[in-house]
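Structure, as structure tokens:
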Amino acid sequence: MRTNDVKINADLVIALIKLKEASVLFEKQTQIIDETTGIDHIEERGSFADGLLSCMDAVGKMIGESAINEVHNLFLQTKTAT
């Protein structure tokens with residue numbers, strides 16, 4: 000079994016990147032709003048961060064699960080080919 004035969008789930012990796020981009024955008028916009036209003040939106044930042052980290056964790060786990068399934072399938076193919 001060659002390790003370069005294992006493919007990552009590109010759709011999930013893209014989703015993870017988009018979540019990170021959303022985090023950066025949210026932080027920038029929150030800073031602008033904070034400066035404009037003079038109010039620090041700590042609770043909103045925390046709520047967003049908690050939810051986002053939960054989503055990122057779930058996506059990361061599914062990327063790992065996808066990779067494990069790829070390795071398992073390659074192993075089964077190699078085993079049945081011999």
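Counting from 0, one number per residue, gives the positions in the sequence shown under numbering that gives the first Met the number 0.
By construction, the Cβ of each residue, glycine as well, lies at the ideal position given by its N, Cα and C atoms.
Checklist entry - Candidates Gly37, Gly59, Phe74, Glu34: which alpha carbon is nearest Gly10's? => result Inspection of the sequence shows that residue 10 is occupied by Asp rather than by Gly. Nearest C-alpha to Asp10: Gly59.
Checklist entry - Helix or strand or just coil, what does DSSP make of Asn68? => result Asn68: helix per DSSP, three-state reduction.
Item to check | Collapsed DSSP secondary structure at Asp39 in the structure displayed | outcome: In this structure, Asp39 counts as coil in the three-state DSSP scheme.
Next on the checklist: Restricting to Cα atoms, I'd like to know which of Ile13, Val12, Lys6, Ser46 is closest to Phe25.
Outcome noted: Comparing alpha-carbon positions, the option among Ile13, Val12, Lys6, Ser46 lying closest to Phe25 turns out to be Ser46.
Checklist entry - Below 7 Å between beta carbons: does that hold for Leu15 and Cys54? => result No, Cβ-Cβ distance for Leu15 and Cys54 is not below 7 Å.
Next on the checklist: Helix, strand or coil for Lys6? Go by DSSP, reduced to three states.
Outcome noted: Here Lys6 sits in coil by DSSP.
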